[in-house]
Amino acid sequence: MSEITTLDEFIIQRQKDFSYATGELTGLLRDIGVAAKIVNREVNKAGLVNILGSYGGSNESGDDVKKLDIFANEKFIKCLSNSGECCGIASEENEDIIPVDPVDGKESKYILVMDPLDGSSNIDVNVSVGTIFGIYRRVSSSDQSVSKKDFLQKGKELVAAGYVLYGTSTMLVYSTGRGVNGFTLDPSIGEFCLSHRDMQIPEKGVYYSVNQGYYLKFDVEMRRYIDYCSDLNLRLRYIGSMVSDIHRILFQGGIFLYPNTRKYPKGKLRLLYECNPIAFIVEQAGGRAINCKLEDILELPVHELHQRSSVVIGSPQMVEEMKEFIQKYQEPSSSELPKA
Ligand code: AHM
Ligand code: MG
């Protein structure tokens, strides 16, 4: 029988690789695993929505049934606050940061950013959704309470990042900056088990993933690039849940785009909760992540908690090719045009 490595065992093994590690990051990652299992249980019940009472409404006993994204947010915050393994949380669901009090006098040096349930349009129709998280070291001194400044860090400062995909099976994929590993939840033992060691994104792939319904709302060079993907006979796949679309690309190669549109001139996705953690993982797996101005996502300054960004993520050759394509077709800005 092959030996199974659970997420907890793996995290503890990895802690030994860092001689200076104090176990805090280990504890935090384990808490995320626990919260993910609780959320997974609820996501799996989503199909019973008409029996149990619709989300956002009440069930037969008259109890409120929380919307799944609110439920996920509360569970993650509760699990992480109870243990005190982080000193603050910023969530896509909360306008402001949530300071976490020390537990048993233990002062944590980590803060967590998260999108507790991403892919909200998929939630009520039983299509896969995900959780995205990132972990940073706080920058303020530990004798003060955490502040926004602790969260407004560039993606390149991430200590760890990961996602949970609630799909046909549930997977947790994470990186602490030394490669990417994937764990599949075995429901019979209730444990995430190592299933994908040292994940590497293919150099290129046959998939492109973009909401092509917004085609006419994209900048002209982006439209040309999408035409080019189509001319190459690349296969369009778009689930509308970033975690799911990225997961396919990590395994099979491809490119994911969420450009700026007329409705979202800066892009729709959130830099802190979505773009940075996903960019960190994809780059750790050998991929690339840039915005539509061709800047590296992980280098972008973060000015606001809910800052948005355009994003292009995926196989390294495809992102590079997209970059060259855009550079070739981009219309020069008025300041770059030769003077008449
Ligand atoms: P959400 O955080 O409200 O769920 O929005 C993020 C999601 C991503 O998972 C997905 O890639 C994108 O929004 C889909 O948006 P659209 O429906 O505009 O294509
Ligand atoms: Mg989201």
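When we follow our numbering, the leftmost residue of the sequence shown carries the number 25, and every step to the right adds one. The beta carbon of each residue, even a glycine, is placed where N, CA and C say it ideally should be.
Minimum Cα-Cα distance from Cys253 among the listed residues Glu98, Gln39, Gly237 and Tyr231 corresponds to Tyr231. Out of Arg272, Asp255 and Asp251, the CA that lies nearest to the CA of Arg261 is found in Arg272. By a beta-carbon distance limit of 8 Å, Val326 contacts Leu295. Their separation comes to about 6 Å. With a cutoff of 7 Å, Leu274 does not count as near ligand 1, since its C-beta is closer than that to no heavy atom of the ligand.
The Cβ atoms of Ile350 and Glu227 do not sit closer than 8 Å to each other.
Here DSSP, grouped into helix, strand and coil, assigns His271 to helix. Taken in chain order, the whole beta strand (DSSP E) runs of length 3 or more contained in the segment 289-319 are 312-314. Ordered along the chain, residues surrounding ligand 2 are Glu116, Asp139, Asp142 and Glu298 [Cβ under 6 Å from any heavy atom]. Counting along the chain, no beta strand (DSSP E) covers Pro283, and no H or E run does either.
Of Asp251, Ser169 and Val197, the smallest CA-CA separation from Val306 is found for Val197. For the segment 116-200, the continuous beta strand (DSSP E) assignments of 3+ residues that do not extend past its boundaries occur at 134-142, 153-161, 184-190 and 194-199, in sequence order.
Between Phe175 and Ile147, the gap from beta carbon to beta carbon reaches 8 Å or more.
With fewer than 16 neighbouring CB atoms inside 10 Å of its own CB, Glu323 falls in the exposed class.
Looking at the DSSP output, Val230 bridges to nothing.
Rounded to the nearest whole angstrom, the C-alpha separation of Arg162 and Leu256 is 45 Å. For Phe242, no alpha helix (DSSP H) encloses it, and the DSSP letter there is neither H nor E.
In the assembly as shown, Thr192 is an exposed residue. Its beta-carbon has fewer than 16 other beta-carbons within 10 Å. Taking Leu274 as reference, the option from Glu66, Gly143, Tyr239 and Met223 with the minimal CA-CA separation is Met223. With respect to the C-alpha of Ser132, the residue from Ile121, Asp120, Gly143 and Gly108 having the closest C-alpha is Gly108. Asp210 has Glu215 as its beta-bridge partners, per DSSP.
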